[in-house]
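Colleague:
There are 4 protein chains.
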Amino acid sequence: MTDDVYDRQGFGKETGMGARPALLLIDFVNGFADPEMLGGGNIAQAIAASRPLLHFARSSNWPVAHSRITFAADGADKNPFCAKVPALAALTASNPARQVVDALAPAAGELVVDKTVPSAFFGTALTQWLISRGVDSVVVAGCTTSGCVRASVVDAMSWGFRVTVAKDCVGDRAKAPHEANLFDMEQKYADVVPFSAIAKQFGRA
Amino acid sequence: MTDDVYDRQGFGKETGMGARPALLLIDFVNGFADPEMLGGGNIAQAIAASRPLLHFARSSNWPVAHSRITFAADGADKNPFCAKVPALAALTASNPARQVVDALAPAAGELVVDKTVPSAFFGTALTQWLISRGVDSVVVAGCTTSGCVRASVVDAMSWGFRVTVAKDCVGDRAKAPHEANLFDMEQKYADVVPFSAIAKQFGRA
Amino acid sequence: MTDDVYDRQGFGKETGMGARPALLLIDFVNGFADPEMLGGGNIAQAIAASRPLLHFARSSNWPVAHSRITFAADGADKNPFCAKVPALAALTASNPARQVVDALAPAAGELVVDKTVPSAFFGTALTQWLISRGVDSVVVAGCTTSGCVRASVVDAMSWGFRVTVAKDCVGDRAKAPHEANLFDMEQKYADVVPFSAIAKQFGRA
Amino acid sequence: MTDDVYDRQGFGKETGMGARPALLLIDFVNGFADPEMLGGGNIAQAIAASRPLLHFARSSNWPVAHSRITFAADGADKNPFCAKVPALAALTASNPARQVVDALAPAAGELVVDKTVPSAFFGTALTQWLISRGVDSVVVAGCTTSGCVRASVVDAMSWGFRVTVAKDCVGDRAKAPHEANLFDMEQKYADVVPFSAIAKQFGRA
Numbered sequence: 000m001t002d003d004v005y006d007r008q009g010f011g012k013e014t015g016m017g018a019r020p021a022l023l024l025i026d027f028v029n030g031f032a033d034p035e036m037l038g039g040g041n042i043a044q045a046i047a048a049s050r051p052l053l054h055f056a057r058s059s060n061w062p063v064a065h066s067r068i069t070f071a072a073d074g075a076d077k078n079p080f081c082a083k084v085p086a087l088a089a090l091t092a093s094n095p096a097r098q099v100v101d102a103l104a105p106a107a108g109e110l111v112v113d114k115t116v117p118s119a120f121f122g123t124a125l126t127q128w129l130i131s132r133g134v135d136s137v138v139v140a141g142c143t144t145s146g147c148v149r150a151s152v153v154d155a156m157s158w159g160f161r162v163t164v165a166k167d168c169v170g171d172r173a174k175a176p177h178e179a180n181l182f183d184m185e186q187k188y189a190d191v192v193p194f195s196a197i198a199k200q201f202g203r204a
Numbered sequence: 000m001t002d003d004v005y006d007r008q009g010f011g012k013e014t015g016m017g018a019r020p021a022l023l024l025i026d027f028v029n030g031f032a033d034p035e036m037l038g039g040g041n042i043a044q045a046i047a048a049s050r051p052l053l054h055f056a057r058s059s060n061w062p063v064a065h066s067r068i069t070f071a072a073d074g075a076d077k078n079p080f081c082a083k084v085p086a087l088a089a090l091t092a093s094n095p096a097r098q099v100v101d102a103l104a105p106a107a108g109e110l111v112v113d114k115t116v117p118s119a120f121f122g123t124a125l126t127q128w129l130i131s132r133g134v135d136s137v138v139v140a141g142c143t144t145s146g147c148v149r150a151s152v153v154d155a156m157s158w159g160f161r162v163t164v165a166k167d168c169v170g171d172r173a174k175a176p177h178e179a180n181l182f183d184m185e186q187k188y189a190d191v192v193p194f195s196a197i198a199k200q201f202g203r204a
Numbered sequence: 000m001t002d003d004v005y006d007r008q009g010f011g012k013e014t015g016m017g018a019r020p021a022l023l024l025i026d027f028v029n030g031f032a033d034p035e036m037l038g039g040g041n042i043a044q045a046i047a048a049s050r051p052l053l054h055f056a057r058s059s060n061w062p063v064a065h066s067r068i069t070f071a072a073d074g075a076d077k078n079p080f081c082a083k084v085p086a087l088a089a090l091t092a093s094n095p096a097r098q099v100v101d102a103l104a105p106a107a108g109e110l111v112v113d114k115t116v117p118s119a120f121f122g123t124a125l126t127q128w129l130i131s132r133g134v135d136s137v138v139v140a141g142c143t144t145s146g147c148v149r150a151s152v153v154d155a156m157s158w159g160f161r162v163t164v165a166k167d168c169v170g171d172r173a174k175a176p177h178e179a180n181l182f183d184m185e186q187k188y189a190d191v192v193p194f195s196a197i198a199k200q201f202g203r204a
Numbered sequence: 000m001t002d003d004v005y006d007r008q009g010f011g012k013e014t015g016m017g018a019r020p021a022l023l024l025i026d027f028v029n030g031f032a033d034p035e036m037l038g039g040g041n042i043a044q045a046i047a048a049s050r051p052l053l054h055f056a057r058s059s060n061w062p063v064a065h066s067r068i069t070f071a072a073d074g075a076d077k078n079p080f081c082a083k084v085p086a087l088a089a090l091t092a093s094n095p096a097r098q099v100v101d102a103l104a105p106a107a108g109e110l111v112v113d114k115t116v117p118s119a120f121f122g123t124a125l126t127q128w129l130i131s132r133g134v135d136s137v138v139v140a141g142c143t144t145s146g147c148v149r150a151s152v153v154d155a156m157s158w159g160f161r162v163t164v165a166k167d168c169v170g171d172r173a174k175a176p177h178e179a180n181l182f183d184m185e186q187k188y189a190d191v192v193p194f195s196a197i198a199k200q201f202g203r204a
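Order-wise, the sequence lines are chains D, C, G and U.
Numbering that gives the first Met the number 0 numbers the first residue of the first sequence as 0 and each following residue consecutively.
Numbering that gives the first Met the number 0 numbers the first residue of the second sequence as 0 and each following residue consecutively.
Numbering that gives the first Met the number 0 numbers the first residue of the third sequence as 0 and each following residue consecutively.
Numbering that gives the first Met the number 0 numbers the first residue of the fourth sequence as 0 and each following residue consecutively.
1. Using the beta-carbon of each residue, which ones in chain D are nearer than 7 Å to residue 159 (chain C)?
2. Any C-beta of chain G within less than 8 Å: which residues of the stretch 182-200 of chain U qualify?
3. Give me the subset of the stretch 35-57 of chain D whose CB atoms are less than 7 Å from a CB atom of chain C, sorted by chain position.
4. Please report the straight-line C-alpha distance between residue 179 (chain C) and residue 194 (chain G), rounded to a whole angstrom.
5. Taking all protein chains shown into account, decide if residue 124 (chain G) is buried (16 or more other Cβ within 10 angstroms of its Cβ) or exposed.
6. Can you tell me where the beta strand (DSSP E) holding residue 142 (chain G) begins and where it ends?
7. Using only CA atoms, which one of C:146, C:142 and C:101 lies nearest to residue 165 (chain C)?
8. Beta strand (DSSP E) containing residue 53 (chain G): first to last residue?
9. If you pair each beta-carbon of the stretch 48-68 of chain G with each one of the stretch 19-28 of chain G, do three or more pairs fall below 8 Å?
10. Might you give, ordered along the chain, the residues of its own chain that have their beta carbon closer than 7 Å to the beta carbon of residue 189 (chain C), omitting 5 neighbours on each side?
11. For residue 12 (chain D), does the three-state DSSP call read helix, strand or coil?
12. Measuring only the C-alpha atoms, how far is residue 80 (chain U) from residue 10 (chain G)?
13. Using DSSP bridges, identify the partner residues of residue 65 (chain C).
14. If contact is defined by three or more beta carbon pairs under 8 Å, each pair taking one atom from either stretch, is the stretch 126-134 of chain U in contact with the stretch 125-141 of chain G?
15. Answer yes or no: does any C-beta atom of chain A fall closer than 8 Å to that of residue 135 (chain U)?
16. Which whole runs of the beta strand (DSSP E) in the stretch 120-189 of chain D are 3 residues long or more, in chain order?
17. Could you tell me the distance, in whole angstroms, from the CA atom of residue 75 (chain D) to the CA atom of residue 120 (chain D)?
18. Cα separation between residue 18 (chain C) and residue 66 (chain C)?
19. Could you spell out the range, first to last residue, of the alpha helix (DSSP H) harbouring residue 199 (chain G)?
20. Excluding the 5 residues preceding and the 5 following residue 100 (chain G) in the sequence, name in chain order all residues of the same chain whose CB lies nearer than 7 Å to its CB.
21. Measuring alpha carbon to alpha carbon, tell me which of U:8, U:185, U:4 and U:200 ends up nearest residue 89 (chain G).
22. Rounded to whole angstroms, what's the CA-CA distance from residue 168 (chain D) to residue 44 (chain U)? Just pull it up for me.
23. Are the C-beta atoms of residue 66 (chain C) and some chain D residue less than 8 Å apart?
24. For residue 73 (chain U), go through chain D and note every residue whose CB falls closer than 8 Å to its CB, in chain order.
25. In three-state DSSP terms, what is residue 99 (chain D)?
26. Write down the C-beta distance between residue 64 (chain C) and residue 13 (chain C) rounded to the nearest angstrom, noting that I regard them as a contact closer than 8 Å.
27. From residue 186 (chain C) to residue 199 (chain C), what does the alpha carbon distance come to, in whole angstroms?
28. Does residue 30 (chain D) get closer than 8 Å to chain U when you measure Cβ to Cβ?
29. Could you list which residues in chain C have their beta carbon closer than 7 Å to that of residue 145 (chain D), in chain order?
30. Quick one: measure Cβ to Cβ for residue 15 (chain G) and residue 172 (chain G), integer angstroms, because I've assumed they're closer than 8 Å.
31. Measure how close the beta-carbons of residue 229 (chain C) and residue 68 (chain C) come, nearest whole angstrom, since I'm counting them as under 8 Å.
32. In three-state terms, what does DSSP make of residue 191 (chain D)?
33. Would you say residue 49 (chain U) and residue 201 (chain U) are within 8 Å of each other, going by their C-beta atoms?
34. Any beta-carbon of chain U closer than 8 Å to the one on residue 127 (chain C)?
35. For residue 85 (chain D), go through chain C and note every residue whose CB falls closer than 7 Å to its CB, in chain order.
36. I think residue 176 (chain U) touches residue 182 (chain G), with their Cβ atoms under 8 Å apart; what is that distance to the nearest whole Å?
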């Protein structure tokens, strides 16, 4: 029934990828991988599924960027986000919870973006980095689907990049928000396809 | 069950409003009010419920800003958003569908923000306008909950404003995305309360 | 003597243009062309010199964007810029002074950016427009050299675009600020060359 | 003669400070203090003059932010700025040259902004930090006057803050660009006054 009105009004057209993609890995850090901290749900599966995606991007010489939440240890940059979700303020530079998971650790030359808000583009140098590398589209993986991934996808599209969400490579602590946000993104902001379809499009399935 | 993990991890704290609020009315335009175009669902109710909210803000001397989608008639600014949702490209300056509904028409001195993306803050002068008016928090009404409202709320919070969503004054073309996005916003980005609670907080219930 | 320290510290390297340039015409409006209003100096010459540049860009199918200052007639968007320079507030939508000069009038499909600040990138959709058109570098003409041109050049470079200032196509109301800002831009932000050199680089001198 | 046209056209009005100022210290790092590296001119005097300003701001409980250029050691974030000025790329996290000078070292709770471009506002969380602290105006000190100070002042004003440049607390490696940029800023973007006048305005001369 929900789909009916979206179909009738012409939402959800496919936009396809560009010729010069980058890979964005959103907030795949230890604290979001750990169900005892801020993780849970299908995040572990998304991390596992992102390994071949990262390998594919690297072997294709795509620019790769990683984002993570990092707050100052002295509380200098507390903001409304950590007022809503106080546990975020513990993600300081020295806390292993804010490090990217080992399975997807950044390599030399990859950008690591520290942020204090949901979107990897907001208050960071990510947009200018993508421009200076000639990128025209982004593939997004990460967590959580309903949080930092959604916010980053909306911004990526708003900045003028074509966006593809790697459906099996995004995860969330709870199933219902995961599904609801995949729906919103597919209808309005991005193509949502499995990694296998991305690999196939670039002739290397 | 979804709520369980959010509770356990400490999401959804109340942040309260500030001392110098502004009202943001997001995309309450004819085209989104009309179920035959891009509207439907509970958007008509949200427009009706926003009349006393707008009256309250004006009589409280809050800054008031309205946003609307506007694309160039010659196609000069087509972007990935209207690639996903082609109907948006018809919202040009001369199209009555992109005008704010009469019931909530902008008054002299209120800001009208034209945009080509979901968030009213993105690629517009809204943030600088709020800063120059000394605003510390925003109350958000508008449509759709799962689209331009959600994107604007995430940006408002990311810019450092405390955000309150007027729950009865936001609407969407379909019920499930409306509910899912109210949940996300309340857990992570904003307080979500009815207009009556906002009026009460400012001593004028 | 000034140049000595810049040379010794390694400023002013040439960066060259990219493969997918755009042309930015900054604030070439009637009010800045008129010495009785906000114009004077060598602005008239810069407008004349920009005609072949604009023709070259159009015949090369470069994206072309024009910027202009536009304030709301009801004073809704007054800001610190028009507090410093009150004459700017008169540049409202219905004022011919804020229109692009006839000699360089925007053609269909070219972007026209309205702004209330010096930089054409600030609080506007220009960056996202350049990204969605795959641009990697910009050629800048306009006025004034020490004002909106300088601010736009700093932002263009900061966004990650390689920047070339068309030296004979920028003008200012007074000679000393014109020269001082050409110096700053050449040392730190952009290549500064005459239009003839730009045409030659693209094989069409 | 230059002043004539500016006077006649109504530039350079005083805007005054707001009620909730912050202090911005721009790029006062060892590498810009050292004439053998990127320093020289009157930068040493500006650092000395900024000590009482910083003391004043702290004892007034103003928010204080420091900016510095920081590039990744692996070259991941090279950009057009370090293409124009290659020496900047050496300012990496482990290089003492990019540390704030001891005389003005950041205290706990003060924001330290890392950036790869001239303006402290560009691609950083500075704007959102100022908003969340309720700031309505900024006092700017730092170096260089013709580079990162100028760019930060233009952005601060564009964001809607009233801006005061502490004239004796900004410095540059060469005298002519220092003077030219003080002129531009005073005419168009900021009040330019000595620290003593700032202290007097807040009743503590």
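Every residue, glycine too, gets a C-beta built ideally from N, C-alpha and C.
Computed from a predicted model, the values in this text were never measured in an experiment.
Modeller: Short version:
1. Per Cβ cutoff of 7 Å: 78 and 79.
2. If the cut-off is 8 Å between Cβ atoms, the stretch 182-200 of chain U has 182, 183, 186, 187, 188 and 189 near chain G.
3. Residues of the stretch 35-57 of chain D with a C-beta atom less than 7 Å from some C-beta of chain C are 37 and 39, listed in chain order.
4. Cα to Cα, residue 179 (chain C) sits roughly 55 Å from residue 194 (chain G).
5. It counts as buried.
6. It spans 136-142 - the beta strand (DSSP E) in which residue 142 (chain G) sits, taken as one unbroken run.
7. Ranking the options by Cα distance to residue 165 (chain C), first place goes to C:142.
8. In the DSSP assignment, residue 53 (chain G) falls outside any beta strand (DSSP E) and lies within the alpha helix (DSSP H) extending over 42-58.
9. Yes, the stretch 48-68 of chain G is in contact with the stretch 19-28 of chain G.
10. The answer, listed in chain order, is 152, 156, 162, 163 and 164.
11. Residue 12 (chain D) falls in the coil class under three-state DSSP.
12. If I take the Cα positions, the gap works out to 10 Å.
13. Paired residue(s): C:24 and C:111.
14. Three or more beta-carbon pairs separated by less than 8 Å are not found between the stretch 125-141 of chain G and the stretch 126-134 of chain U, which leaves the two stretches without contact.
15. In summary, chain A is missing from the structure at hand, where the protein chains are D, C, G and U.
16. Counting only runs of 3 or more, we get 136-142 and 161-170.
17. The straight-line gap from Cα to Cα measures roughly 21 Å.
18. Straight across, the Cα-Cα distance linking residue 18 (chain C) with residue 66 (chain C) is about 23 Å.
19. Judged by DSSP secondary structure, residue 199 (chain G) falls within the alpha helix (DSSP H) whose first and last residues are 194-200.
20. Excluding residues within five positions, the ones whose Cβ falls inside 7 Å are 27, 28, 29, 32 and 46.
21. Nearest option by C-alpha distance: U:8.
22. A straight-line Cα-Cα distance of about 55 Å links residue 168 (chain D) and residue 44 (chain U).
23. No, its Cβ sits nowhere closer than 8 Å to a Cβ of chain D.
24. Those within 8 Å of residue 73 (chain U) in chain D are 107 and 108.
25. Strand at residue 99 (chain D).
26. That belief does not hold up - the Cβ atoms of residue 64 (chain C) and residue 13 (chain C) are roughly 24 Å apart, past 8 Å.
27. Taking the straight line from one Cα to the other gives about 23 Å.
28. Taking CB atoms only, residue 30 (chain D) has no neighbour in chain U less than 8 Å away.
29. The contacting residues are 183.
30. 31 Å between Cβ atoms; not a contact.
31. No statement about residue 229 (chain C) is possible, as the shown extent of chain C runs from 0 to 204 and does not include it.
32. It is a strand residue.
33. Cβ distance not < 8 Å, so residue 49 (chain U) and residue 201 (chain U) don't count as in contact.
34. Interface residue, yes.
35. Within chain C, the residues whose beta carbon sits less than 7 Å from that of residue 85 (chain D) are 9 and 12, listed in sequence order.
36. Indeed they touch by this definition, with Cβ atoms about 7 Å apart.
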